[in-house]
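Written out below as structure tokens is the structure these notes cover.
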Amino acid sequence: MPSRTFLNWYKRADFTAYAFNTRPVTRNPCQKPFVFYMSNARFDSWMNQTVSEYVRHRVPHPACRWHMPDPDDLDKVEVYKKPDPHLWDRVSIIYIHLSTEKLLQDPEFEAK
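Per the UniProt record's numbering, the very first residue in the sequence shown carries number 1; after that it's consecutive.
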């Protein structure tokens, strides 16, 4: 889940206005995110899917007690995704809906 290290373009919006979940920036070193950078991406035509690889940015993390497997042991993440031919068809509809909703909620907006 991304940290809230960015601002919304709509000044009246708070962190709930994003289309994805965010979490507050923490000072607890055991709650700091592990950062991964994309190292490779390719299309596998035999499997008809995109394969992307992310490697961990190695910075020292404190020894923490986890209620899950230790994320410090993870060095690489591979993501496999089949293409969605209708992905962009849905994007414009969602954008129009969200834009209209924001305008209608704005007290300075006058419908004519």
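Backbone N, C-alpha and C fix where the C-beta goes; we use that ideal spot for every residue, glycine too.
The C-beta separation of VAL51 from ARG42 comes to about 6 Å, placing the pair in contact by the 8 Å criterion. Here the alpha carbons of TRP46 and ALA13 stand approximately 44 Å from one another. Beta-bridge partners assigned by DSSP to THR50: PHE43, LYS81.
One Cα belongs to SER39, the other to ASP75, and the distance between them is close to 12 Å. The beta carbon of TYR80 sits closer than 7 Å to those of GLN49, VAL51, all from its chain and outside the five residues before and after it, given in chain order. Rounded to whole angstroms, the gap between the alpha carbons of ASN21 and CYS30 is 20 Å. Separation of the CB atoms of TYR54 and VAL77 is rounded to 5 Å, and the pair is thereby assigned contact status at 8 Å. If you check the CB distance, PHE36 and HIS57 come in under 8 Å. Within the DSSP secondary-structure output, LYS32 pairs in no beta bridge. In terms of CA proximity to ASP44, PRO83 leads the group PRO83, THR16, ASP89.
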